[in-house]
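Below is one structure, written out as structure tokens; the observations come after it.
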């Protein structure tokens, strides 16, 4: 049975690489003992981006802690610090750091928790 609450410090969380391009990030679902959603974080350095991907049956919510850019389909949007982005399952999406010198941290939430944690919730690349 899951605890009533769990607190995780992002700085202390183990880092794992995304499938492509290998950006390190903390996978938080198990650490937080989540059962109804997936939780990840990512902090791309300037010039880095996650590979465009979709999640077959999973709606996503991204929170830009200190701002950043999100690409949904062909559109790239500047997201203000604290901005929240909701993405339906089908569109290709990517988090991008287009800034000159500051890492940008995002919290990523996906529900329902489909697939397995190891496959990032049915993470689908456009060429698959």
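Residue numbers (UniProt numbering): 1 to 128.
We treat Cβ as the ideally placed atom computed from N, Cα and C, and that holds for glycine.
Residue from the options with nearest C-alpha to residue i
{"i": "residue 31", "options": "14, 57, 71, 53", "result": "14"}
{"i": "residue 84", "options": "76, 56, 70", "result": "70"}
{"i": "residue 72", "options": "53, 65, 3", "result": "53"}
{"i": "residue 89", "options": "77, 62, 12", "result": "62"}
{"i": "residue 87", "options": "38, 6, 18, 58", "result": "58"}
{"i": "residue 65", "options": "81, 38, 34", "result": "81"}
{"i": "residue 93", "options": "68, 34, 51", "result": "51"}
{"i": "residue 3", "options": "22, 33, 78", "result": "33"}
{"i": "residue 130", "options": "40, 74, 75, 12", "result": "With the chain running from 1 to 128 in the structure shown, residue 130 is simply not present."}
Check whether residue i and residue j have beta carbons under 9 Å apart
{"i": "residue 143", "j": "residue 29", "result": "In the structure displayed, the chain extends from 1 to 128; residue 143 sits before or after that span and is not available."}
{"i": "residue 60", "j": "residue 108", "result": "yes"}
{"i": "residue 25", "j": "residue 110", "result": "no"}
{"i": "residue 36", "j": "residue 27", "result": "no"}
{"i": "residue 102", "j": "residue 42", "result": "no"}
Residue i at chain C interface by Cβ criterion, 9 Å
{"i": "residue 93", "result": "Protein chain content of the structure displayed is limited to a single chain, and chain C is not contained in it."}
Residue i - partner residues in DSSP beta bridges
{"i": "residue 5", "result": "Note: residue 5 sits in no beta bridge, so no partner."}
{"i": "residue 17", "result": "24"}
{"i": "residue 59", "result": "111"}
Would you check if the segment 43-52 and the segment 95-115 touch, i.e. whether three or more CB-CB distances between them fall below 8 Å? Flag = yes, the segment 95-115 and the segment 43-52 touch.
So within the segment 80-114, which uninterrupted beta strand (DSSP E) runs reach at least 3 residues, ignoring any that extend past its ends? You should have 83-87, 93-96, 106-111.
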